[in-house]
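Shown next, in structure tokens, is the structure this report addresses.
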Amino acid sequence: KKETNKEKRENEEEKEGFLREIREETAKQIDALKIQHLIELEKVKDTFDVKLLEEKENRRKDLENESTNTKNKANEKIAQLNKKIVLERGEVFAEQQMNSKHLEEEFRLKEDRMNQSLIQIEEREQAWEDERADVLREVQRLKSEATRMVTILAMEYEEENLSEDKKRTLSQEVYSLQLVVEMRTGEV
Numbered sequence: 250k251k252e253t254n255k256e257k258r259e260n261e262e263e264k265e266g267f268l269r270e271i272r273e274e275t276a277k278q279i280d281a282l283k284i285q286h287l288i289e290l291e292k293v294k295d296t297f298d299v300k301l302l303e304e305k306e307n308r309r310k311d312l313e314n315e316s317t318n319t320k321n322k323a324n325e326k327i328a329q330l331n332k333k334i335v336l337e338r339g340e341v342f343a344e345q346q347m348n349s350k351h352l353e354e355e356f357r358l359k360e361d362r363m364n365q366s367l368i369q370i371e372e373r374e375q376a377w378e379d380e381r382a383d384v385l386r387e388v389q390r391l392k393s394e395a396t397r398m399v400t401i402l403a404m405e406y407e408e409e410n411l412s413e414d415k416k417r418t419l420s421q422e423v424y425s426l427q428l429v430v431e432m433r434t435g436e437v
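What follows is the structure in structure tokens.
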């Protein structure tokens, strides 16, 4: 039995040595796996970091391109609006020029009409002055004729051999002359 104990002990020592070796080997393998895992993890992390940087750079470029496109579109829109403004200004200016010409022409026509009216008024005034002068001459002539008739009538009255008909006729002529003189004087 002693040998068996000894064998058992040796066996156990052998087992323990074997287990120790296995443990040591396993610990070494675990350490090697840990190191390998850390290396792999570092590689994955590096790869991830590179991909992340690439993705960030791609996003930055995309944003830059989008910003450039947006600016280009905005500049194009601004250029179109500026062209439209210039065109509208040109149209407004042309319309103002046309209105100005129209107003100038209208003013010229009204000025011509006014000048013609003034000429017509002056001609009418001249004609009226001429007619007034004619009427005054006629009144003067009628007055002198009336004076002559009154003188003749007075002389005939003095002779008193006039018949009543002749006196009446002369009185009517004098009265008619006085009416005509009064009417002409009223016209003037």
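Heads up: the sequence shown runs through residues 250 to 437, numbered per my numbering.
Using N, Cα and C, we set each Cβ at its ideal position, and we do this for glycine too.
These numbers come from a predicted model, not from an experiment.
Residue closest to residue i, alpha-carbon to alpha-carbon, out of the options
i       : options                   : result
Glu-387 : Ser-316, Ala-343, Val-429 : Val-429
Thr-396 : Ser-420, Glu-378, Ala-382 : Ser-420
Contact check, residue i vs residue j, beta carbons under 7 Å
i       : j       : result
Met-398 : Val-423 : yes
Leu-426 : Leu-391 : yes
Quick one: complete beta strand (DSSP E) runs, 3+ long, within the stretch 339 to 369? none
Please give the ranges of any alpha helix (DSSP H) in the stretch 264 to 321, keeping only runs that are unbroken, at least 4 residues long and fully inside the region. none
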